[in-house]
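Number of protein chains: 2
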Amino acid sequence: MVTRFPDIPQLSGFNAPLRVEADIYDLEVSQGEIPPQLDGTYYRIVCDRQFPSFVQGDIPFNADGMATSFRFKAGHVDYKSRYVRTPRFNAERAARRALFGAYRNPFTDDPSVTGMVRGVANTNLYWHAGKLLALKEDSPPIRIDPDTLETIGEYTYDGALTGQTFTAHPKLDPRTGEMVCFGFAAKGETTPDIVYYEMDRDGRVIHETWFQAPYPSMVHDFAVTQNFVVFPVIPLTSDMERLKTGQPHFGWDPDKDVFLGVLPRKGTGRQVRWYRGSNRFASHIMGAYDDGRYLHIDTPVAQSNYFPWFPDLSGAPYDPERAKGHLSRWTIDTAADPGAGGHGTDGGDDFTETRLTDCSGEFPRMDDRYETLPYHWGVLALNHVPDDERPGMGFRWLGAVDLDRRRTTTRWAGPDSCFYEPLFVPARPDAAEGEGYVMAIVGRYAEMRSDLLILDAQRLDAPPVATVKLPIRLPYGLHGNWLDASELAQRAD
Amino acid sequence: MVTRFPDIPQLSGFNAPLRVEADIYDLEVSQGEIPPQLDGTYYRIVCDRQFPSFVQGDIPFNADGMATSFRFKAGHVDYKSRYVRTPRFNAERAARRALFGAYRNPFTDDPSVTGMVRGVANTNLYWHAGKLLALKEDSPPIRIDPDTLETIGEYTYDGALTGQTFTAHPKLDPRTGEMVCFGFAAKGETTPDIVYYEMDRDGRVIHETWFQAPYPSMVHDFAVTQNFVVFPVIPLTSDMERLKTGQPHFGWDPDKDVFLGVLPRKGTGRQVRWYRGSNRFASHIMGAYDDGRYLHIDTPVAQSNYFPWFPDLSGAPYDPERAKGHLSRWTIDTAADPGAGGHGTDGGDDFTETRLTDCSGEFPRMDDRYETLPYHWGVLALNHVPDDERPGMGFRWLGAVDLDRRRTTTRWAGPDSCFYEPLFVPARPDAAEGEGYVMAIVGRYAEMRSDLLILDAQRLDAPPVATVKLPIRLPYGLHGNWLDASELAQRAD
Chain R
43 MVTRFPDIPQ
53 LSGFNAPLRV
63 EADIYDLEVS
73 QGEIPPQLDG
83 TYYRIVCDRQ
93 FPSFVQGDIP
103 FNADGMATSF
113 RFKAGHVDYK
123 SRYVRTPRFN
133 AERAARRALF
143 GAYRNPFTDD
153 PSVTGMVRGV
163 ANTNLYWHAG
173 KLLALKEDSP
183 PIRIDPDTLE
193 TIGEYTYDGA
203 LTGQTFTAHP
213 KLDPRTGEMV
223 CFGFAAKGET
233 TPDIVYYEMD
243 RDGRVIHETW
253 FQAPYPSMVH
263 DFAVTQNFVV
273 FPVIPLTSDM
283 ERLKTGQPHF
293 GWDPDKDVFL
303 GVLPRKGTGR
313 QVRWYRGSNR
323 FASHIMGAYD
333 DGRYLHIDTP
343 VAQSNYFPWF
353 PDLSGAPYDP
363 ERAKGHLSRW
373 TIDTAADPGA
383 GGHGTDGGDD
393 FTETRLTDCS
403 GEFPRMDDRY
413 ETLPYHWGVL
423 ALNHVPDDER
433 PGMGFRWLGA
443 VDLDRRRTTT
453 RWAGPDSCFY
463 EPLFVPARPD
473 AAEGEGYVMA
483 IVGRYAEMRS
493 DLLILDAQRL
503 DAPPVATVKL
513 PIRLPYGLHG
523 NWLDASELAQ
533 RAD
Chain Y
43 MVTRFPDIPQ
53 LSGFNAPLRV
63 EADIYDLEVS
73 QGEIPPQLDG
83 TYYRIVCDRQ
93 FPSFVQGDIP
103 FNADGMATSF
113 RFKAGHVDYK
123 SRYVRTPRFN
133 AERAARRALF
143 GAYRNPFTDD
153 PSVTGMVRGV
163 ANTNLYWHAG
173 KLLALKEDSP
183 PIRIDPDTLE
193 TIGEYTYDGA
203 LTGQTFTAHP
213 KLDPRTGEMV
223 CFGFAAKGET
233 TPDIVYYEMD
243 RDGRVIHETW
253 FQAPYPSMVH
263 DFAVTQNFVV
273 FPVIPLTSDM
283 ERLKTGQPHF
293 GWDPDKDVFL
303 GVLPRKGTGR
313 QVRWYRGSNR
323 FASHIMGAYD
333 DGRYLHIDTP
343 VAQSNYFPWF
353 PDLSGAPYDP
363 ERAKGHLSRW
373 TIDTAADPGA
383 GGHGTDGGDD
393 FTETRLTDCS
403 GEFPRMDDRY
413 ETLPYHWGVL
423 ALNHVPDDER
433 PGMGFRWLGA
443 VDLDRRRTTT
453 RWAGPDSCFY
463 EPLFVPARPD
473 AAEGEGYVMA
483 IVGRYAEMRS
493 DLLILDAQRL
503 DAPPVATVKL
513 PIRLPYGLHG
523 NWLDASELAQ
533 RAD
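Protein chains in written order, with this note's numbering: chain R, 43 to 535; chain Y, 43 to 535.
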């Protein structure tokens, strides 16, 4: 059996699997200069299938994770990419073919892998307490060597993780060094169980509690402030019966409300209070903070499901207009009664929503030094900018949002080009909020290669500070993070 | 100082430096099946500059060698590429910039590298006596690990190499396992001195002799038969005074004759006899054999210089028509007097020339099991096929030549596509001559990637046996060779 990917648009041309484990020393800088004080690494994960799927309609979220790194030092940057050796990856490599079937549907797997962890570690590369973790929300973390990107193995905090799953979006409390994290479907696929942990700055699990969501759904990201932790339950639902009949893991339920589960930081599951809102879509959190009473959560909000590959359970076709997300602020008055019974039943909004920009987009990021704290600046990838019809693919722009003035500065990717998730990197450790660089991968479709742009975060529309020219295209990528060299020096054994 | 290549066509798009050290497991096979009995490795070297040159008009032959391998086993093939760590490569990597100047002109170098070996090991990957050698004709071999492609270091046969240079085109005598090889400019750049060695099957130097060519020139390849060894001296001349004034290393002298220096196998320099012919160009040898008296050498012959970057010393412009080479047979009657004084002076041809095909091309190869022996089949890359105007780039066709019937079977590369040097691989160890596969890299310019075609050597125009689809483009490549797994198992420590 040879490796042969189907000849379909989503797996052809720029979107074809790359499958290259690469080292490129001293990447070409085709324009500008890399700020010489940047001393650290941009870790980023991409989705790159090792072997063709044997199921119809396979989705990028089901592709193997490839860890990548851009290591900056003294005005130079080196690139590296290595597949994450998940148990699944290793089993398929040994078989020289796919053994795992559809996204998060174990009923579609080859019998030889029944019971194996199905994670592909393709969603985030996250550093805490001296360890670099490749994350996928359906499975435990995989620890990666931060220098070589080689896989060290599954990492369960010395067995302290009691849930079966672990979010791809932990949050750091910069005041304490604590990592706040959770797992959903934590007792197995389609279970409504959520486990919430906190790890101290040394990576010890210092808090754990369990609770159940109003219904099982994708809890892809969450909000953490100094005093609260918020779990958004949006109507991208999961259901074991659907899995058994081979249907997609998640289905959009247009009849279900949104629930925001609020706990005090290090609270217990019994303390969760559900704030209810009408049917809508949200996924990634830009930032969140509270003043003791009012809790603000900034996230792109769409009228309906963003993901074309998860069906509408009503049978309605995918609607790209209603799927457009506008960065919005959800505000909860934690002093108000959230409704009877803990699950609001009055049908009204138990939280308010304010739109922060007229552009639509996703992949919001902030100056991560302000995670959990009041903040004023963010950046995201945009798929619609009013009165700007310049062509391109996918996310055709970036937008930097001044949250106080509610002003968005945009930058076009260029013809035949698309952005992926941007990243903020401070100019210096003591730089003011948002003073520094936005790094963003751009896919250059016509040239079949990618660039890494380094932009002035405060002048997103100015010529790039530097354009790092990659000689190859990078596959579809999800999340990444910056690690200062001083932090890498603290790597754990 | 950042790495930034000049924005010129020869370094842009498909021809841009790639600089990627890659591992790709189980390459996609987009069509057909890889013959399962193929158990071995196609080693091939490509030219891929690490850092931009600081001289004007830099040429591909001056780019760093990147060793590549296609490892075949049980119908699967894995790809690997690693730069050859020449002393020059290591010095430039440490400096993060080019230190060596123009092709084979040490007068253009940074003073910090004066006296260092200038080789870039970018011309061939050759196996003998359990060792894989990366070769460049201006410097000693560099030994490479055949599994990892990591550089072991300069290899001088335990100091037995007395010349400063070593050809990129050794020949194997299949009856004895001896490797026949040489160096030109062996006493230093532009010297007319040639050293001729033979190594036994265990890699010991068992023969060495020295002689001088009629004039210093590029002796890029040579011919070896059972009884003779032939050194073609063509008028691509070198001259120290030109180097000192920064001119290109080689210049085409339209007024000079060709000389073929013939020695008995393991003969001494005093025995060399020079056979003279009129001005013309030739470079690579497809094959050669003798019957004791008549010596036949098959090589593409052009009216004038093939290389556009080496100037005509008369000032004449490059003429692509006169540069077209047609595979031709030179025949020497070794029993005839080659002319008075050992260097024929009568101005007439001391050897005959017969054209073997109407197509023009270069990179001729044979079934290497017949090296030094009578043979009947060869293959080469073609840049002109009569009555075939299908478009493409560079070598738009391959041609398989039946030398007995003087018939050429051609294969078109496809639109926006070009071939590089083909390679013959026997179907089985005991297969008849030419029974097996032609492997050929094809550059797909519009797709910015390459294919490895596996063709039936006897039916070159039939659909490929298999098309191995590379997800990346491969840089400009020179020579390569097939190594059966049984030979790799004999690797030296």
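Backbone N, C-alpha and C define an ideal beta-carbon position, used for all residues, glycine too.
- The DSSP-derived three-state label of Y:F131 is helix.
- Measuring C-alpha to C-alpha distances from R:G403 to each of R:A378, R:D392, R:A442 identifies R:A442 as the nearest.
- Of the candidates R:Y348, R:T218, R:M221, the residue whose Cα lies closest to the Cα of R:L278 is R:Y348.
- Identification of chain Y residues near R:E70 by a Cβ-Cβ cut-off of 9 angstroms yields V44, T45, R46, F47, A58, P59, R61, P94, ordered along the chain.
- Boundaries of the alpha helix (DSSP H) around R:K286: 282-286.
- Within 10 angstroms of the beta-carbon of Y:I496 lie 16 or more other beta-carbons, which makes it buried.
- Under the three-state reduction of DSSP, R:D49 is assigned to coil, being neither helix nor strand.
- With respect to R:D332, R:H326 sits apart: the two C-beta atoms are not nearer than 8 angstroms.
- Between R:D200 and R:S181, the alpha-carbon positions lie close to 15 angstroms from each other.
- Minimum Cα-Cα distance from R:A171 among the listed residues R:M241, R:P102, R:A105, R:Y145 corresponds to R:M241.
- Membership of R:E196 in the beta strand (DSSP E) is indicated by the continuous run 193-196.
- Taking 8 angstroms as the upper bound for CB-CB distance, R:A330 and R:V272 are in contact here, some 7 angstroms apart.
- Across the segment 446-462 of chain R, no CB contact with chain Y closer than 8 angstroms is found for any residue.
- Straight across, the Cα-Cα distance linking Y:E283 with Y:T232 is about 10 angstroms.
- In this chain, the alpha helix (DSSP H) harbouring Y:A527 covers 527-530.
- Per DSSP, the beta bridge partners of R:N166 are R:L177.
- Secondary structure of R:D400 (DSSP, three-state): strand.
- Assignment of Y:A136 by DSSP, reduced to helix, strand and coil, places it in the helix class.
- At a beta-carbon threshold of 9 angstroms, none of the residues of chain R lie near Y:M408; the nearest stands roughly 29 angstroms away.
- Fully enclosed beta strand (DSSP E) runs of no fewer than 3 residues occupy 329-332, 336-344, 368-375 of the segment 316-397 of chain R, in order along the chain.
- Residue pairing by DSSP places Y:A508 opposite Y:G74, Y:I496 in a beta bridge.
- A direct Cα-Cα distance of roughly 51 angstroms separates R:Y336 from R:P153.
- Check the Cα spacing between R:C401 and each of R:R135, R:P517, R:L422: the tightest is with R:L422.
- Among the CB atoms of chain R, one or more fall inside 8 angstroms of the CB of Y:Y67.
- Under the Cβ criterion of 8 angstroms, R:I496 is not counted among the residues facing chain Y.
- The straight-line gap separating the alpha-carbon atoms of Y:P148 and Y:R130 is approximately 12 angstroms.
- In this structure, the CA atom of R:E395 is about 23 angstroms from the CA atom of R:D410.
- The straight-line gap separating the alpha-carbon atoms of R:K122 and Y:T509 is approximately 28 angstroms.
- Taking all protein chains shown into account, Y:P102 has 16 or more neighbouring C-beta atoms within 10 Å of its C-beta and is therefore buried.
- R:A58 is bridged by DSSP to nothing; it lacks a bridge partner.
- Shown here, Y:G143 sits in coil according to DSSP, grouped into three states, outside any helix or strand.
- Judged by DSSP in its simplified three-state form, R:P153 adopts helix.
- The C-beta distance from Y:L191 to Y:P183 rounds to 15 angstroms, too long to meet the 8 angstroms contact threshold.
- From the beta-carbon of R:R86, no residue of chain Y is found nearer than 7 angstroms; the closest lies around 17 angstroms away.
- Shown here for R:H211: same chain residues with a beta carbon closer than 6 angstroms to its own, the five before and five after excluded, namely D263 in chain order.
- Listed along the chain, the chain Y residues whose CB falls inside 9 angstroms of the CB of R:I76 are V44.
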